[in-house]
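For reference, the structure discussed in these notes is given below.
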Amino acid sequence: MLQSARRRLVDGEGMLSGGCCSRTLGFLLLYFMAWASVLFVGSIGLVWQVLFWASLPISKY
Numbered sequence: 001m002l003q004s005a006r007r008r009l010v011d012g013e014g015m016l017s018g019g020c021c022s023r024t025l026g027f028l029l030l031y032f033m034a035w036a037s038v039l040f041v042g043s044i045g046l047v048w049q050v051l052f053w054a055s056l057p058i059s060k061y
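Going left to right, the sequence shown walks through residues 1 to 61 as the UniProt record's numbering numbers them.
In structure tokens form, the structure reads like this:
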């Protein structure tokens, strides 16, 4: 089983075997997944920051 998987990778019969177009689509998918993770982590940080500043007491001065 491992040899057949290795043979598919060497022969170019994997997911990106369709040539330039599918390789470009693969890179675009990877790019968008990276940006989605960055935006997701940033939104969590923004929520924590809003909760922190909202929990501070209001100054009278």
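Virtual Cβ for every residue (Gly too), placed ideally from N, Cα, C. Bear in mind the structure is a predicted one, so any value in this text is a computation, not a measurement.
Work out the CA separation of glycine 42 and serine 55 for me, nearest whole Å.
20 Å
In angstroms with no decimal places, state the Cα-to-Cα distance between methionine 33 and leucine 39.
10 Å
Reducing DSSP to helix, strand and coil, say where isoleucine 58 ends up.
coil
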